[in-house]
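Trainee: Numbering (this note's numbering), first residue to last: 10 to 213. Provided herewith is a single structure, encoded as structure tokens, for subsequent inquiry.
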């Protein structure tokens, strides 16, 4: 029986789609593609998720191999928090699940400086019973150790825990350590999928 629900943040509770945001800012397609490749898909981005480097170090490392200028790269990094916004329909699940007796947690790959901003600014963090951010513990999904860490930190039984993510590899890693998993791609059917998984009705 599931008693604990562990949420990824990006594109589960918080929208983070850089390509759409850059398009709204009227960046030409070729520049958008360069930004996505050189920054958001870079090894430096992963190292920031893992807490291994600073933003300044990431920029310094990207500049020599990118067609983008240093100030352009720095601007994109400064836009990270602006790209994000809460997915309200999904966020409403948190207090509803709490009322039904579930404990809720977050487990997310996240840059520490941006997490400090959103966790302070987004009201829904008060509903969580706890959580782990990759940059804080220097482990990133899908490394199985980070899943074991959240289980150990909060004395959670894997067989009583459900993990939700928008990346299949991350869900599979949670299942390997004994949790059940739910894959979502920001679908409007997410609430229905969760109800089916838990075999309950959720009133939001």
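Virtual Cβ for every residue (Gly too), placed ideally from N, Cα, C.
Given residue 89, which residues of its chain have a CB within under 8 angstroms of its CB, disregarding the five upstream and five downstream residues?
Mentor: Correct list, in chain order: 120 and 123.
Trainee: For residue 111, is the classification buried or exposed, using 16 other Cβ atoms within 10 angstroms of its Cβ as the cut-off for buried?
Mentor: By the 10 Å Cβ count, residue 111 comes out buried.
Trainee: Is it buried or exposed for residue 17, if we count other Cβ within 10 angstroms and need 16 for buried?
Mentor: So residue 17 counts as buried.
Trainee: Would you mind sorting residue 100 into buried or exposed? The rule is 16 or more other CB atoms within 10 Å of its CB.
Mentor: That one is buried.
Trainee: What are the start and end residues of each continuous alpha helix (DSSP H) run of 4 or more residues lying completely inside the segment 151-175, in chain order?
Mentor: 153-162, all fully within the segment 151-175.
Trainee: Which stretch, first to last residue, makes up the alpha helix (DSSP H) that contains residue 87?
Mentor: 79-87 is the span of the alpha helix (DSSP H), which, as asked, contains residue 87.
Trainee: Cα separation between residue 54 and residue 67?
Mentor: So the alpha carbons of these two residues sit roughly 7 angstroms apart.
Trainee: Quick one, are the C-beta atoms of residue 59 and residue 164 less than 9 angstroms apart?
Mentor: In this structure, residue 164 does not lie closer than 9 angstroms to residue 59 by Cβ.
Trainee: Where does the unbroken beta strand (DSSP E) through residue 71 begin, and where does it stop?
Mentor: Residue 71 -> not in any beta strand (DSSP E); alpha helix (DSSP H) instead, spanning 64-71.
Trainee: Cα separation between residue 134 and residue 166?
Mentor: Residue 134 and residue 166: Cα-Cα distance of roughly 23 angstroms.
Trainee: Leaving out the 5 sequence neighbours to the left and right, which residues in its chain are closer than 6 angstroms to residue 172 when beta-carbon positions are compared?
Mentor: Cβ within range, chain order: 15, 183, 188 and 190.
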